[in-house]
Amino acid sequence: MKKIRKLGILTGGGDCPGLNAVIRAVVNTACRDYGVEVCGILDGYAGLIHKNVRPLALADVSGILPRGGTILGTSNRDNPFMYTEPGEGAGKEHRDVSALALKTIEYNEIDVLITVGGDGTQIIADRFFEKHGLPVIGVPKTIDNDLNGTDITFGFDTALNIATTAIDKLHSTAESHHRVMVIEVMGRYAGWIALESGLAGGGDVILIPELPYRIEKVCDKIRDRAANGKRFSLVVVAEGAKPEGGQLVVARQVKDATDPIRLGGIAAKVANQVEDMTGIESRYTILGHVQRGGSPSPYDRILASRFGYHAVVAAVEGKFGTMVGLRGTEIKTTPIKEAVAVPRRVEAGNDMVKVAKAVGTCFGA
Ligand code: F6P
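Under the numbering used here, the first residue of the sequence shown is numbered 3, with each subsequent residue one higher.
What follows is the structure in structure tokens.
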């Protein structure tokens, strides 16, 4: 096996807390344990296309563990296999510029590329591996927690804490004003943030994409509570939730992103319907990108550090085309292809759904 002398690392897709902890662990493990150099690719795959690469020494990663975001920058566009120049008009053809990206790898003498990102980033990494034989190791990141090959992605725990804190804050104002408070959380097409923050925050109603809801059932629950002296209710809704037979609420389309759909706005729809149908004053809050910002939780710092360390070990051991992930209490590798084959969603019969129902939560289904 060829001796590895230099690793490249990029962070792709939407940012999340813990990215810097991965970068720090990769640089420290590579330099201290293996005497391997590291360079950082700036702004995700855009850095490979535009040759934006910088060396990463120990001093560069000192002090970044508790910092949110990513010192390397990120982008959820710039797929080298389907690239459109910035400013090119609608209708312009996508181009395959993967050869340019490979030239940057070659020029910088990168032996293995560590790709830290969600499904979009890992699908591209796998394509480089399968089509061009580029040695890659994936590290699973996303607040949505929707990747297979790991029990949990880093970033999720911090987002869950932020969402739960927000629900707690809305609880007291809902109670004082005898209102229905609808809070919309992120998660794309997966309901993990809504389910877990709803369970942790005592949501009376939780609406998730995996269980299409009926607004009548949501209103019945709210009326029942009012009839039992609870004149306020908390509704936690995932941005990807939709009514039975209905549509997702789309906020915008982002050209050139791996998934161009940006969800958002379902909370307003639910709050208006609830107010109209129950006569109880309702308000909504869309938590948005707050869920992705700030310092990572201790859990995420530890998980991200473990992922970074094991990504270097996997690189040195030649486990190319795989992604590190948490399985039980251990970090293991899974072929990236398997990890991205289907998204990880809340399954029917999930234990947390059962528990939430048992403590009186309505899923509107
Ligand atoms: O995948 C992370 C995520 O925050 C999703 O929860 C959300 O739907 C999306 O990214 C928002 O993307 P953007 O940052 O492009 O608005």
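Every residue gets a Cβ at the ideal spot worked out from N, C-alpha and C, and that includes glycine.
{"query": "Considering Cα atoms alone, identify which of D98, A313, G16 and T363 is closest to L201.", "result": "T363"}
{"query": "Alpha carbon to alpha carbon, how far is G189 from H134? Give it in angstroms, no decimals.", "result": "32 Å"}
{"query": "Does the segment 174 to 194 touch the segment 284 to 301, meaning 3 or more C-beta pairs lie closer than 8 Å?", "result": "yes"}
{"query": "Would you check if there are 3 or more beta carbon pairs closer than 8 Å linking the segment 120 to 133 to the segment 298 to 309?", "result": "no"}
{"query": "May I have the straight-line CA-CA distance separating G75 from C18, to the nearest angstrom?", "result": "11 Å"}
{"query": "Determine the contact status of V251 and G266, defining contact as a CB-CB distance below 9 Å.", "result": "yes"}
{"query": "Which residues bound the beta strand (DSSP E) around Q255?", "result": "V252 to Q255"}
{"query": "My parser needs the alpha helix (DSSP H) runs of 4 or more residues fully inside the segment 185 to 262; what are they?", "result": "194 to 203 and 217 to 229"}
{"query": "Give a yes or no on contact between the segment 93 to 103 and the segment 55 to 69, applying the rule of three or more CB pairs nearer than 8 Å.", "result": "no"}
{"query": "Quick check: what's the CA-CA separation for I126 versus A358?", "result": "37 Å"}
{"query": "When the Cα atoms are used, what is the spatial distance from D353 to T260?", "result": "32 Å"}
{"query": "Identify the continuous beta strand (DSSP E) that holds Y286 and give its terminal residues.", "result": "S284 to I288"}
{"query": "Give a yes or no on whether the C-beta atoms belonging to G193 and A243 are separated by under 9 Å.", "result": "yes"}
{"query": "Just how far apart, CA to CA, sit I224 and S199?", "result": "19 Å"}
{"query": "What are the boundary residues of the beta strand (DSSP E) that I8 is part of?", "result": "Here residue 8 turns out to be Lys, not Ile, going by the sequence shown. Per DSSP, K8 belongs to the beta strand (DSSP E) from K8 to T13."}
{"query": "Hey, which unbroken runs of the beta strand (DSSP E) at 3 residues or more fall wholly within the segment 316 to 348?", "result": "324 to 329 and 332 to 337"}
{"query": "May I ask whether a heavy atom of ligand 3 can be found less than 8 Å away from the beta carbon of L50?", "result": "Within the structure as shown, ligand 3 is missing, the only ligands being ligand 1."}
{"query": "Taking buried to mean at least 16 other C-beta atoms within 10 Å of its own C-beta, is Q249 buried or exposed?", "result": "exposed"}
{"query": "For V38, collect the residues of the same chain with a Cβ closer than 7 Å to its Cβ; drop the 5 residues on either side in sequence, then sort them by chain order.", "result": "I6, R7, K8, L9 and A32"}
{"query": "Rank P262, K339 and E340 by C-alpha distance to the C-alpha of D80 and give the top, closest one.", "result": "P262"}
{"query": "Quick check: G157 and P298, are their CB atoms within less than 9 Å of each other?", "result": "yes"}
{"query": "Is any heavy atom of ligand 1 found at a distance shorter than 8 Å from the C-beta of V256?", "result": "yes"}
{"query": "Touch check for the segment 144 to 155 and the segment 224 to 237: three-plus C-beta pairs under 8 Å?", "result": "no"}
{"query": "CA-CA distance, I2 and A317?", "result": "Nothing about residue 2 can be read from this structure; the chain reaches only from 3 to 367."}
{"query": "Return the first residue and the last residue of the alpha helix (DSSP H) that L102 is part of.", "result": "S100 to Y109"}
{"query": "Pop quiz: G42 and I11 are said to be a contact at Cβ under 8 Å. What is the actual Cβ separation, rounded to whole angstroms?", "result": "6 Å"}
{"query": "Which stretch, first to last residue, makes up the beta strand (DSSP E) that contains G140?", "result": "V138 to P142"}
{"query": "I'd like to know whether the C-beta atoms of G46 and T13 end up nearer to each other than 9 Å.", "result": "yes"}
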